[in-house]
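The working numbering runs 2 ahead of the 1-based position in the sequence shown.
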Amino acid sequence: QLIYKHSEIPPIPLQKKCREIPTAIAEVVMTALAKNPTDRFPSAKVFATALRANLEGDIPLLHHSFSIYWKHFIQIVRISLPINFAFVLIISLISTSLIQTKFDFAIGSFIHLVWWILPLIALLLFGEVSIGAFSLATKQLQETGAISVNKVLASLVKRLPQIIGSALHSYLLALSQVWKLLLPAFRLGVQYSLSSPIAVLENKKGSEIIIERSKDLTTEFYSIAVPLKLRSLLVKSITFALILSTFMANASLFSNLELNFLSRFTTIAFTTLLLPGLFITIVNPLVDIAIVLLYFRACEAKGESVYQQKGLDEIEFVEKIKFSPKRKAILVFLLVT
């Protein structure tokens with residue numbers, strides 16, 4: 003009976019003994035104490051990595067992300083700009099089509115409804131594409147210590163079907179839970195937040211396989227994935243608010259001007275690129291890179307040899323960079339934003 007109890011019966015959950023221990027930490031410890039060897043961490047090093055990551059939270063990942071962002075700013079903007087430029091063109095086309103209806107609800111009510119839905123879908127999808135692009139860039143930085151923008155964009159184009167397919171699949175699954183409560187839908191969104199890095203960095207086909215892999219990777223790092231997902235949603239919310247304000251300003255301007263479709267489209271595209279486009283191009287990569295780093299951290303916790311810091315060791319933490327007052331001001335602005 004003692005042997006059976008020792009080898010088969012799981013230990014008492016840690017939080018029942020010590021309620022003050024955070025849930026994420028307790029889950030990591032209980033995983034290490036699992037009776038089934040396949041359920042445990044593959045090594046003590048992997049256990050220590052998972053434990054430390056959950057203790058520290060998402061702040062070290064954001065520090066690391068900013069270090070990469072700061073050192074490779076030009077390359078990161080060159081990657082982000084074409085992605086968000088395509089997004090701006092789509093938003094501008096939708097906005098111009100809506101303004102052309104002159105708010106005639108007899109023929110334009112459906113267009114008004116579509117205008118609210120399509121930009122949100124486009125914003126979410128292009129967000130996943132952006133994460134995929136920075137997954138390739140971070141992986142390239144690990145292997146070579148440099149980022150080749152052309153290679154990243156070329157590889158990204160080849161992986162677009164996997165990214166978009168897995169993103170749409172995960173959004174549909176999350177939306178299917180909205181009728182219950184927002185919390186279950188958000189929980190699914192967090193669990194599927196690593197689908198874009200998986201789609202571009204792993205040789206997996208099929209959206210269902212990709213999102214199941216994402217769910218598996220976020221299991222031990224859910225407490226870190228949540229604040230990163232919230233930051234990502236915050237950036238997208240601000241971007242959408244800027245898109246809406248730009249649209250209203252243009253609608254007010256064009257109400258007194260007789261312009262053709264092309265002239266209106268050009269004006270809207272320029273103003274959209276100037277405000278929401280510039281904002282998301284500069285700010286969004288910070289969160290995207292942090293999500294990619296979480297993916298590598300999760301792979302390391304699984305004992306997989308994906309996380310190689312060959313090109314990242316020298317810029318691992320933001321504390322190693324000497325900041326001038328100007329750089330500190332920029333850092334504060336980005337973090338507050």
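The beta-carbon is built from N, C-alpha and C at its ideal position, and this holds for glycine as well.
Item, Value
"From 86, 142, 219, 166, pick the residue whose C-alpha is nearest to that of residue 305; which is it?", "219"
"Please go through the segment 166–209 and give each complete alpha helix (DSSP H) segment of 4 or more residues, from N-terminal end onward.", "184–193, 197–203"
"What did DSSP end up calling residue 66 once you bin it into helix, strand or coil?", "helix"
"To the nearest angstrom, report how far apart residue 281 and residue 241 are at their CA atoms.", "7 Å"
"I want to know whether the segment 240–258 touches the segment 90–103 - three or more CB-CB distances under 8 Å.", "yes"
"Tell me whether the beta-carbon of residue 132 lies closer than 9 Å to the beta-carbon of residue 168.", "no"
"Would you be able to state if there are at least three C-beta pairs under 8 Å between the segment 287–302 and the segment 195–208?", "yes"
"Taking the C-alpha atoms as reference points, what is the distance between residue 138 and residue 205?", "13 Å"
"Check residue 29 in the structure and name its three-state DSSP category.", "helix"
"Rounded to a whole number of angstroms, what is the C-alpha to C-alpha distance between residue 246 and residue 53?", "42 Å"
"Just to confirm my understanding: we take residue 124, look at its own chain, exclude 5 residues before and 5 after, and list those with CB closer than 7 Å. What are they?", "89, 92, 93"
"Taking the straight line between their C-alpha atoms, what separation do you get for residue 119 and residue 126?", "11 Å"
"Candidates 249, 274, 122, 195: which alpha carbon is nearest residue 239's?", "122"
"Using a Cβ-Cβ cutoff of less than 6 Å, which residues in the same chain neighbour residue 107 once the five nearest sequence positions on both sides are dropped?", "Since pLDDT at residue 107 reaches only 46, below the 50 mark, its modelled position is unreliable, and the value read off the structure follows with that caveat. None."
"When we look at the beta-carbon of residue 316 and count the other beta-carbons within 10 Å, is it buried (16 or more) or exposed?", "Reliability of the predicted coordinates at residue 316 is poor, the pLDDT of 39 falling under 50, and the value obtained from them is presented with this limitation in mind. By the neighbour-count rule (16 or more Cβ atoms within 10 Å), residue 316 is not buried but exposed."
"If we count the other Cβ atoms within 10 Å of its Cβ and call it buried at 16 or more, is residue 75 buried or exposed?", "exposed"
"Using beta-carbon positions only, say whether residue 67 and residue 288 come within less than 9 Å of one another.", "yes"
"Report the residue from 29, 160, 64 whose alpha carbon sits nearest the alpha carbon of residue 234.", "64"
"According to the neighbour-count rule (16 or more other Cβ atoms, all chains shown, within 10 Å of its Cβ), is residue 20 buried or exposed?", "exposed"
"State yes or no: is the C-beta of residue 130 nearer than 8 Å to some heavy atom of the ligand MG?", "The model on display carries no ligand, and the ligand MG is accordingly not part of it."
"Identify the continuous alpha helix (DSSP H) that holds residue 265 and give its terminal residues.", "263–274"
"Give every residue of the same chain whose Cβ lies closer than 7 Å to the Cβ of residue 203, excluding the five residues on either side of it in the sequence, and list them in chain order.", "137, 141"
"Beta carbon of residue 331, beta carbon of residue 222: below 9 Å?", "no"
"Residue 179 and residue 2 - do their beta-carbons sit closer together than 9 Å?", "Residue numbering for the chain in the displayed model covers 3 to 339; residue 2 lies beyond these limits and cannot be assessed."
"Less than 8 Å between the CB atoms is what I'm expecting for residue 172 and residue 226, so what's the real figure, rounded?", "With a Cβ gap of about 19 Å, residue 172 and residue 226 do not count as contacting."
"So, are the CB atoms of residue 236 and residue 278 less than 9 Å apart?", "no"
"Verify the CB distance criterion: does residue 285 have a CB-CB separation below 9 Å to chain C?", "In summary, chain C is missing from the structure at hand, where a single protein chain is found."
"According to DSSP, simplified to helix, strand and coil, what is residue 221?", "coil"
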